[in-house]
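Throughout the sequence shown, residue numbering follows UniProt numbering, covering 1 to 142 in sequence. Here is the structure we will look at.
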Amino acid sequence: MKHEDHNGYAMHLPNPAAQPRKHGRRGHKPGLIGASTLVGSGVYNPRGEHIGDIRDIMLDVRSGKVGYAVLTFGDMEGAGRRLFAVPWHALSPDAKHEGFALNIDRDRLKHAPGFDKDDWPDMTDPAWATEIHAYYPTGPQP
């Protein structure tokens, strides 16, 4: 499936640093964030190393929930062409870096299942989803 096929369901989003921040009683903890603030956000591993950036957001149109963040991992072979769908719940906000945290080390990342930017998988395929969800750790970030 071509990326263009996803345009009805994906959102292209700019840098979150350009958006105004809202502060609650406990500091910056937005309950809602504009999807347009997410694309370009950095993704960091538990060591605080920048491992990639959010390129796209995939919505489950039936539930209205974010299903996946589509990431580019900068220093991987074929980085310009390879994309990686990461389950949204595997990411957590990273206020220190003004981006997102993904609990995965660089070695495991090198073997992550990905796809060519011009040949997207069928993200509704249960077998594909099972493989992706099993690969990425979920739960609290260290």
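The beta carbon of each residue, even a glycine, is placed where N, CA and C say it ideally should be.
To the nearest angstrom, how far is it from the Cα of residue 106 to the Cα of residue 73?
By one-based count along the sequence shown, residue 106 stands at place 106. By one-based count along the sequence shown, residue 73 stands at place 73. Going by the C-alpha atoms only, they are around 10 Å apart.
Rounded to the nearest angstrom, what separates residue 122 and residue 41 at their Cα positions?
Sequence index remark: in the sequence shown, residue 122 carries index 122 (1-based). Sequence index remark: in the sequence shown, residue 41 carries index 41 (1-based). Roughly 24 Å between the two C-alpha positions.
Measuring straight from C-alpha to C-alpha, what distance separates residue 63 and residue 126?
Here residue 63 refers to the residue found at position 63 of the sequence shown. Here residue 126 refers to the residue found at position 126 of the sequence shown. Residue 63 and residue 126: Cα-Cα distance of roughly 16 Å.
Residues near residue 133 in its chain [Cβ-Cβ closer than 6 Å; skip 5 each side]
By one-based count along the sequence shown, residue 133 stands at place 133. These residues qualify, in order along the chain: 87.
Bounding residues of the beta strand (DSSP E) (the contiguous stretch that carries residue 133):
Position 133 of the sequence shown, counted from the start, is the residue given in the question as residue 133. Premise fails: residue 133 lies in the alpha helix (DSSP H), 126–135, not in any beta strand (DSSP E).
At which residues does the alpha helix (DSSP H) containing residue 109 begin and terminate?
Walking along the sequence shown from the start, residue 109 turns up at place 109. It spans 106–109 - the alpha helix (DSSP H) in which residue 109 sits, taken as one unbroken run.
Using alpha carbons as the reference points, say which of 70, 44 and 57 lies closest to residue 34.
Locating residue 34 in the sequence shown gives position 34, where the first residue counts as 1. Per the Cα distances, 57.
To which residues of the same chain is residue 131 closer than 7 Å at the C-beta, ignoring the five residues directly before and after it?
What you label residue 131 is simply residue 131 of the sequence shown in a count that begins at 1. Only 113 meet the Cβ criterion.
Taking DSSP's pairing of strands, which residues face residue 86 in a bridge?
Numbered from its first residue, the sequence shown carries residue 86 at position 86. Partner(s): 69.
Inspect the beta-carbon positions of residue 136 and residue 99 and report whether they are closer than 8 Å.
Residue numbering aside, residue 136 sits at position 136 when the sequence shown is read from its first letter. Residue numbering aside, residue 99 sits at position 99 when the sequence shown is read from its first letter. Cβ atoms of residue 136 and residue 99: not closer than 8 Å.
Using C-beta distances below 8 Å, list every residue in its chain close to residue 91, excluding the 5 sequence neighbours before and after it, in chain order.
For the purposes of this step, residue 91 is identified with residue 91 of the sequence shown, where counting begins at 1. Same-chain partners within the cutoff: 43, 69, 100, 101 and 102.
Just mark residue 61 as buried or exposed, buried being the case when its beta carbon has 16 or more other beta carbons within 10 Å.
By 1-based counting over the sequence shown, the position of residue 61 is 61. With fewer than 16 other Cβ atoms within 10 Å, it is exposed.
Neighbourhood of residue 67 by C-beta distance below 8 Å, restricted to the same chain and skipping five residues each side
In the sequence shown, counting from the first residue as 1, residue 67 sits at position 67. 58, 59, 60, 87, 88 and 123, listed in sequence order.
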